[in-house]
Amino acid sequence: MTIAWNAFTPYAALAGGALIGLAAAIFVLFNGRIAGISGILGGLLRPASGGVGWRLAFLAGLVGAPLVYALVTALPRPQIDAGWGALVAAGLLVGVGTRYGSGCTSGHGVCGLSRLSPRSLVATLSFMGAGFATVYVIRHLLSA
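Numbering (the working numbering) for the sequence shown: 97 to 240.
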């Protein structure tokens with residue numbers, strides 16, 4: 097295993113993590129809700145009265161922020177080493193997992209852990225463990 101030191105960006109990662117934490121804290125302070133993306137998007141699929149506007153604004157911010165950032169600097173080119181079938185399967189598995197886990201990584205990992213939720217701790221450990229196991233199997237057991 098090698099580390100791509102030219103892609104090692106601890107300050108940008110620290111700033112991004114701090115901004116995510118700050119945004120989650122502001123969101124819960126002003127709205128009284130957890131900033132879990134699956135719950136916000138799920139609420140649009142089954143809309144309740146008074147809940148559509150802020151959900152659309154939140155999702156527009158998620159899409160719009162990188163677009164605004166692209167006006168200031170060049171965005172990195174993503175390199176995805178998977179075909180469309182694998183990407184669709186991965187998306188469906190994540191969707192099913194968020195339903196079974198009663199939330200996504202942002203809801204449990206950022207908001208739930210900060211509230212010291214035992215359920216979120218178990219969910220986050222499960223997410224991480226499954227990710228570690230998947231990478232190990234794909235890179236070490238299935239690769240030739």
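Glycine included, every Cβ here is placed at the ideal spot set by N, Cα and C.
Is residue 238 helix, strand or coil when you go by DSSP? Correct three-state label for residue 238: coil.
With 16 other CB atoms within 10 Å as the buried threshold, where does residue 195 fall? Counting Cβ neighbours within 10 Å, residue 195 comes out exposed, since fewer than 16 surround it.
By Cβ distance below 6 Å, which residues in the same chain neighbour residue 161 in space, the five residues on each side in sequence not counted? none
Using three-state DSSP, classify residue 163 as helix, strand or coil. helix
Assigned exposure category for residue 112 - 16 Cβ within 10 Å defines buried: exposed
How big is the Cα-Cα spacing for residue 139 and residue 98? 42 Å
So, with DSSP's three-state summary, where would you put residue 128? Coil.
Starting from residue 176, trace the alpha helix (DSSP H) both ways and give me its first and last residue. No alpha helix (DSSP H) holds residue 176; DSSP gives it neither H nor E.
With a threshold of 16 other CB atoms inside 10 Å of the CB of residue 202, please say whether the residue is buried or exposed. buried
On the CB-based measure, 16 or more other CB atoms within 10 Å of its CB, does residue 130 come out buried or exposed? buried
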